[in-house]
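Heads up: the structure comes next, in structure tokens.
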Amino acid sequence: MDTVQLKRFAQEARKKLSTLVDGKLEAVLKDDSGSLRAKQDTIRQLQTELEKLGREALVDKVAYTWFNRLVAIRFMDANGFQPLGVNILSPAEGIGGNIPQILNDIHAGQFPDDLKIDHQYINDVLNGVISSNNPDNTIYRHVLIAVCNDLHRIFPFLFERIDDYSELLLPDDLTSPFSILADMVAGMSVSDCAEVEIIGWLYQFYISEKKDEVFAAGGKVRKEDIPARTQLFTPRWIVEYMVQNTVGKLWLQNNPQSKLKEHMPYYIESAEGSSADYLQVDSVEDIKLLDQACGSGHILVYGFELLAKIYEEEGYGASEIPTKIIENNLYGLEIDDRAAQLAAFAITMKARQYYRRFFRKAAVPQIICYQDIKFSEEDVIGILSDYSIENKEAFKYDLQTLEQATNLGSLIQPHTSLPTLKAIEKQLADEGESSDAFKQQIQIKLKNSLQQLVPLAEKYHCVVDNPPYMGGGNMNLVLGDFVKTNYPKSKADLMACFMEAGIAALQSKGLLGMINQHTWMFLSSYEELRKDLIDTVHFDTLLHLGPRTFPEIGGEVVQNAAFTFLNCQSYCKGTYLRLVDFDNSHLKKEKTLEVIQKLNSILLFNANQNDFKKIPGNPIGYWVGIETYLSFENLNALSKDFNVKSGVMTGNDDRFLRYWSEISFTSIGFGYSDIKCVNYQKYRFFPLNKEEGFRKWTGRFKQVLHLEKEGNNFSDVTNLNYRLRDSGLYFKKGISWGDVAGGNSSYRFQNEGLIFAARAPMIFTENINLLAFLNSKVSNYFQNVLNPTLSFNLSDLDRLPISPLILQNFKIEELTKECLQISNIEWNSNECSWSFMKNELLRDKGQNLKNACNLYKRYWKDNFLQLHSIEEKLNKQFIEIYGLEDELIPNVPFEEVTILKEETKIIDNQLVFQEKELIAQLLSYAIGCVFGRYSLDKEGLILANQGETIPDYLSKVEKTIDQLQFVPDADNVIPVLEEEWFDDDIVNRVKVFIRAVWGEQSYTENMQYIEEVLGKDLRKYLTKDFYKDHIKRYKKRPIYWQFSSPKGHFNVLIYMHRYTQDTLNHILNSYLRPFMEKVRNDIARQQDIIVTGSASEQGKAHKRQGKLRDILRDCEAYEHDILYPLAGERTSIDLDDGVLVNYNKFGHAIAPVAGLNDVKTKNKVKGFDWIDTSTIR
91 MDTVQLKRFA QEARKKLSTL VDGKLEAVLK DDSGSLRAKQ DTIRQLQTEL
141 EKLGREALVD KVAYTWFNRL VAIRFMDANG FQPLGVNILS PAEGIGGNIP
191 QILNDIHAGQ FPDDLKIDHQ YINDVLNGVI SSNNPDNTIY RHVLIAVCND
241 LHRIFPFLFE RIDDYSELLL PDDLTSPFSI LADMVAGMSV SDCAEVEIIG
291 WLYQFYISEK KDEVFAAGGK VRKEDIPART QLFTPRWIVE YMVQNTVGKL
341 WLQNNPQSKL KEHMPYYIES AEGSSADYLQ VDSVEDIKLL DQACGSGHIL
391 VYGFELLAKI YEEEGYGASE IPTKIIENNL YGLEIDDRAA QLAAFAITMK
441 ARQYYRRFFR KAAVPQIICY QDIKFSEEDV IGILSDYSIE NKEAFKYDLQ
491 TLEQATNLGS LIQPHTSLPT LKAIEKQLAD EGESSDAFKQ QIQIKLKNSL
541 QQLVPLAEKY HCVVDNPPYM GGGNMNLVLG DFVKTNYPKS KADLMACFME
591 AGIAALQSKG LLGMINQHTW MFLSSYEELR KDLIDTVHFD TLLHLGPRTF
641 PEIGGEVVQN AAFTFLNCQS YCKGTYLRLV DFDNSHLKKE KTLEVIQKLN
691 SILLFNANQN DFKKIPGNPI GYWVGIETYL SFENLNALSK DFNVKSGVMT
741 GNDDRFLRYW SEISFTSIGF GYSDIKCVNY QKYRFFPLNK EEGFRKWTGR
791 FKQVLHLEKE GNNFSDVTNL NYRLRDSGLY FKKGISWGDV AGGNSSYRFQ
841 NEGLIFAARA PMIFTENINL LAFLNSKVSN YFQNVLNPTL SFNLSDLDRL
891 PISPLILQNF KIEELTKECL QISNIEWNSN ECSWSFMKNE LLRDKGQNLK
941 NACNLYKRYW KDNFLQLHSI EEKLNKQFIE IYGLEDELIP NVPFEEVTIL
991 KEETKIIDNQ LVFQEKELIA QLLSYAIGCV FGRYSLDKEG LILANQGETI
1041 PDYLSKVEKT IDQLQFVPDA DNVIPVLEEE WFDDDIVNRV KVFIRAVWGE
1091 QSYTENMQYI EEVLGKDLRK YLTKDFYKDH IKRYKKRPIY WQFSSPKGHF
1141 NVLIYMHRYT QDTLNHILNS YLRPFMEKVR NDIARQQDII VTGSASEQGK
1191 AHKRQGKLRD ILRDCEAYEH DILYPLAGER TSIDLDDGVL VNYNKFGHAI
1241 APVAGLNDVK TKNKVKGFDW IDTSTIR
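Each residue of the sequence shown is one higher than the one before, counting from 91 in this note's numbering.
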């Protein structure tokens, strides 16, 4: 099955159908023809629905209704399942073209015997008695509607009798090669339709763009968007695992002599003794399988397949098996009407596939689609009075809950007992239909209510789900309040609520099968749920799948576990498979089969769930050994001996946070050790530890926080959700980490002088041995036991077991000091460090640039290997201290040594330096020297404050112009042009820099080396690649700004710290206009050549003249429409506002940068209430 093609087809079909239906709606509402005047009742129905739903929702509803119907018809065509015995959408087998078989047959005078159509009408159209612009289309429309009506008898859930407005909105074009029907035939190939699973894939793909929209919108999810937000198609092998280890296991427990196991490749034997007590069933007809959120029916379809094997084994005949399964065994609940229709259809197709005459006595699948049902207070009083209801308050509550049935779905647990509900149902059936129209409506609503409440109150042998995943923060208000009240232990996510609901729906000793996110196994927000599960159900089997379980979901964010629970207390071991290290669903599947076939025991664990209670927080640490349990039981938790705190949360990072490089360096208060000593009049910003990501030992400190005395700048902002926690601890030493690490956590020592953020909590200690332990494999091992998810937070860290033997170990301390030293030197060699002095290639310049690179590589390779060696020595120490020699080895992959991440790659376990990056860093430093940010005459920052000038530069380096090794640019404007139009352009300035550093003697070979490494000439790199590199290096907050004409023929760089209100005028008059004049002169020169030159010269001149005229037109537009008007405004900037605000003051004059001044980001900036937004252009 080509899912890539199917996704494209479903998405395009949705768009096309929606467009066609919307156009038809427009036409119907405007048309006043006689044919439509005869359908006034239907049009009124359409108008009522339009007022109720709104245009977009109505179009969406009709589009998906026709999509579902056409998908069903095409599927039956492709499989030869059509009840009429003739293809409805598709040509006859072996016949080319796109004319449906039924239409060809009608042309030949062959009408399906059982199809109720007006033969005379069709003949009149064919014979021209009834005029039609497109007779085939007219006839086929009539036939298609008749077919849909005929299919109602078999598929009442999908093919309602078409006498409503959906007929009016059926697209006009049905027979051309470009029709939606032709798309259906092309998009659903016969081979794709071989398996009924195509139905589920098409549903997921049809709503996938809506799903993307809902995700992108963020925030609370409206109840009508929950299906799109939560739909996820389960891989077939995982469905088989869940059903085989619930339904299959239940059957084998009751029938140990059964050969069913031969048909269950994913069946896992329960650990010894754990299945001795089981739920007894007398007959396969008794087994009830429920899917609480059945979607398009994927799980129930496989349930049908396995149950059919059981029925066959029991001697049932093929003709009765499908009906028995549908009527007795399969139950589905769903909030989305689209999915419910397709689920019932898929099950019916599976039945037809099993027994070819199934349609003759087709049973209707028991799929309940929730409906919101609202009774008036008067209605409820009447119902409670008219029917025999023991607990009237309970039933009243249940009816009120159904007002939100499509929002709450299977989380509803009726308060009314099942016997009472069935008694009401019987009484309602016995009394018959009332002659009173008002009472009739109440009866219908009550019947529909009971159809939902009874299945919810039933108890099932097996419940198998892939439940919806949605965190509490995304739940709408009604849903959020409901789960807080009714599911307090699992309220953090719907998937956990469904775990509780699934268990509640089981009979005692029934079996739950589920796949969901593995967060419930570890996160503190599910601790109470875990305790309850450990005490009340038996963890029979669990596949710990980890990331990339679903082929369509990449990355580490969604990590899964599939499991089966037995609904009774347990004192036995369960069986666990650890599959987290395999990076795709297929590999996980193969490894599961290897374990089951006893070909791989490394991934298999047997654990007693009661042992999980020995670990703080009760995480499901099935893979740990006895030494781990002893560590948690006998050693102090970290929180007992160390103060661990979470820090600042601004509530508005755009307003209060900056990268330090964005603002004036003198605005930043460095070096404080106590908040009481801060000079708020002198400093507005203070270093902030906020950086996340994977880096050990030191570094990653790039941001600063705007903080005024006592946080007044926070408290003065209305409705700001901020936290200024534990300010007495600001600027203190300690150990920090990012609580979202994307894998292994990494810890860094923070010296005095930094504030710490909420996402970079702190352990306040000067004990660097603890830092070494936290960065070790032992700590990582414990962390993965406590919480192997992407977010390792403060409460998890608190529980780490700390051996006293590590804290006062001199050898560990000395090794750790060396790690800190290497890491600190490496971090400060980075231009983005506020302690950066000079580019590393200038540390030991050698004889030439190539020699300097080799010296660099030798020096830093030694440091890298030394750091790697120390980390392994530390691991060995900690493994021995904790007695984990059987669990861990000290080896550290090169990839986990966290220095030189930009400068190197690990290839075949070798450290390979990226010379291109080294040269790019050198050129970035060179441009910094050109602008005066850095100097060859003095290390560190020189011009780094707003409005500083060349006299400031000379004062700081303490030299005169004549004494400088390299003179910075005088006017803060560097042309960046494809040709050498100016003597002081970017290429010439870099060349002067290279001469200044390495001298004239090696200049030529240095330039050759640069271009060899870059793979292009220097001008091409500086004009095409440098600014992109700068944007990336400075995280989309550039300090050098490129002003560019619309088509990029004119570009200049400026340094924002040296920007003045006259800068744009200077660009205009000293660069743009002179450049345009030079271009005009060149055009004139080319004209002379065209007149007087040779044929060859004339050809070249024509070509160049055309290019020059393009350049001139671009520059003239830039001057007239953009730069000249803006220069006249003499725009001012305040560096403290940050690049995001200041860059957006220059509109189209400045180069576009995605994520900085694109339309979406600019609109966000225009919404800032703390700046003058009239300056944003």
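Glycine included, every Cβ here is placed at the ideal spot set by N, Cα and C.
The structure displayed is predicted, hence computed values, not measured ones.
Could you say which of ILE220, GLY277, GLU141 and ALA236 lies nearest to ARG104 if we only look at CA atoms?
The residue with the shortest Cα to Cα distance from ARG104 is GLY277.
Between LYS679, PHE722 and TRP924, which has its C-alpha nearest LYS792's C-alpha?
The shortest C-alpha separation from LYS792 is found at TRP924.
Member of LEU860, LEU432, ARG319 and LYS378 whose CA lies at the smallest distance from the CA of ALA595:
It is LYS378 whose Cα lies nearest to the Cα of ALA595.
Sequence-distant residues of its chain with Cβ nearer than 8 angstroms to ASN870 (five each side left out):
Within the same chain, Cβ atoms closer than 8 angstroms to the Cβ of ASN870 are found at ASN834 and SER835, the five residues on either side in sequence being excluded.
Quick one: give me the first and last residue of the alpha helix (DSSP H) that TYR477 is part of.
Where TYR477 is concerned, there is no enclosing alpha helix (DSSP H), given that its DSSP letter is neither H nor E.
Could you tell me which uninterrupted beta strand (DSSP E) segments, each at least 3 residues in length, are contained entirely in the region 218–301, listed from first to last along the chain?
With a minimum length of 3 residues, no continuous beta strand (DSSP E) run stays inside the region 218–301.
What's the C-alpha gap between GLN101 and TYR296?
Their backbone Cα atoms lie some 5 angstroms apart in a straight line.
Measuring CA to CA, which of PRO641, ASN708, GLY707 and GLN687 is closest to SER675?
When only C-alpha atoms are compared, the closest one is PRO641.
Can you say whether CYS1205 is buried or exposed, counting buried as having 16 or more other CB atoms within 10 angstroms of its CB?
Under this definition CYS1205 is a buried residue.
By Cβ distance below 7 angstroms, which residues in the same chain neighbour ILE1009 in space, the five residues on each side in sequence not counted?
Listed in chain order, the non-local C-beta contacts of ILE1009 below 7 angstroms within the same chain comprise ILE1100, VAL1103 and LEU1104, local neighbours out to five positions each way being set aside.
Below 7 angstroms CB to CB, which residues in the same chain sit around ASN708 once its five sequence neighbours on both sides are set aside?
Answer for ASN708: GLU617, ARG620, LYS621, ILE624 and PHE702, listed in chain order.
Boundaries (first-last residue) of the alpha helix (DSSP H) holding SER539:
Here the alpha helix (DSSP H) through SER539 covers 527–547.
Over the uninterrupted beta strand (DSSP E) stretch that includes ILE463, give me the two end residues.
Here ILE463 belongs to no beta strand (DSSP E), and DSSP marks it neither H nor E.
Report the rounded CA-to-CA distance for TYR559 versus ALA284, giving the unit in angstroms.
So the alpha carbons of these two residues sit roughly 30 angstroms apart.
Taking Cβ to Cβ, would you say TYR972 is nearer than 8 angstroms to SER893?
Closer than 8 angstroms, so yes.
Does the region 946–962 come within contact of the region 993–1004, defined as at least 3 CB pairs closer than 8 angstroms?
The answer is yes - the region 993–1004 touches the region 946–962, with three or more Cβ pairs under 8 angstroms.
For THR320 and SER500, the rounded distance between their alpha carbons:
Taking the straight line joining both Cα atoms gives about 14 angstroms.
Buried or exposed by the 16-neighbour rule on C-beta atoms within 10 Å, applied to THR756:
Label assigned to THR756: exposed.
Taking three-plus beta-carbon pairs below 8 angstroms as touching, is the region 562–570 in contact with the region 503–519?
Look at the beta carbons and you see the region 562–570 not touching the region 503–519: under three pairs across the two are nearer than 8 angstroms.
Leaving out five residues before and five after VAL149 in sequence, what residues of the same chain have Cβ atoms less than 6 angstroms from its Cβ?
These residues qualify, in order along the chain: SER108, VAL111 and ASP112.
May I have a chain-ordered list of the beta strand (DSSP E) segments no shorter than 3 residues that lie completely inside the region 936–968?
DSSP runs (the beta strand (DSSP E)) wholly in the region 936–968: none.
Using only alpha-carbon positions, find the residue among THR506, LEU613 and ASN859 that is nearest to LEU880.
Of the candidates THR506, LEU613 and ASN859, LEU613 places its Cα closest to the Cα of LEU880.
Examine the Cβ distances between the region 515–534 and the region 350–360 and report whether three or more of them are shorter than 8 angstroms.
Because the criterion of three Cβ pairs below 8 angstroms is not met, the region 515–534 and the region 350–360 do not touch.
Mind pulling the beta strand (DSSP E) runs of 3 or more residues that sit fully within the region 577–636?
Here the runs fully enclosed are 596–607.
Considering MET1097, what are the terminal residues of the alpha helix (DSSP H) in which it resides?
That run of the alpha helix (DSSP H) goes 1093–1104.
For HIS1156, the first and last residue of its enclosing beta strand (DSSP E):
Per DSSP, HIS1156 lies in no beta strand (DSSP E); the unbroken alpha helix (DSSP H) holding it starts and ends at 1153–1157.
Determine the DSSP secondary structure at TRP917, reduced to helix, strand or coil.
Looking at TRP917 - three-state DSSP - the assignment turns out to be helix.
Thinking C-beta only, is LEU890 closer than 8 angstroms to LEU728?
Yes. Within cutoff.
Three-state secondary structure (DSSP) at HIS796?
Of the three classes helix, strand and coil, the one that applies to HIS796 here is strand, per DSSP.
Let's test the definition: count the other Cβ atoms within 10 Å of the Cβ of TRP156 and tell me whether it reaches 16, buried, or not, exposed.
Label assigned to TRP156: buried.
When the Cα of ASP315 is compared with those of GLY741, ASN564 and VAL1142, which residue comes out closest?
Of the listed residues, the one whose Cα sits closest to ASP315 is ASN564.
For ALA1016, which residues in the same chain have their Cβ closer than 6 angstroms to its Cβ, ignoring the five residues on either side in sequence?
Only VAL1080 and PHE1083 meet the Cβ criterion.
Considering only residues of the same chain and omitting the five flanking positions on each side of VAL154, which have a CB-CB separation below 6 angstroms?
The question names Val, but residue 154 in the sequence shown is Tyr. Take TYR154, set aside five residues on each side of it, and the residues of its chain with a beta-carbon closer than 6 angstroms to its own are ARG428, in chain order.
Grouping DSSP H, G and I as helix and E and B as strand, with all else coil, what is VAL371?
For VAL371, the secondary structure class from DSSP, reduced to helix, strand or coil, is coil.
Going straight from the alpha carbon of ARG1175 to that of ARG1203, what length do you get?
It is roughly 18 angstroms from the alpha-carbon of ARG1175 to the alpha-carbon of ARG1203.
So, for GLU1268: in the same chain, excluding its five sequence neighbours on each side, which residues have a beta-carbon less than 8 angstroms away from its beta-carbon?
Given that the chain is displayed from residue 91 to residue 1267, the structure contains no residue 1268 and the question cannot be resolved.
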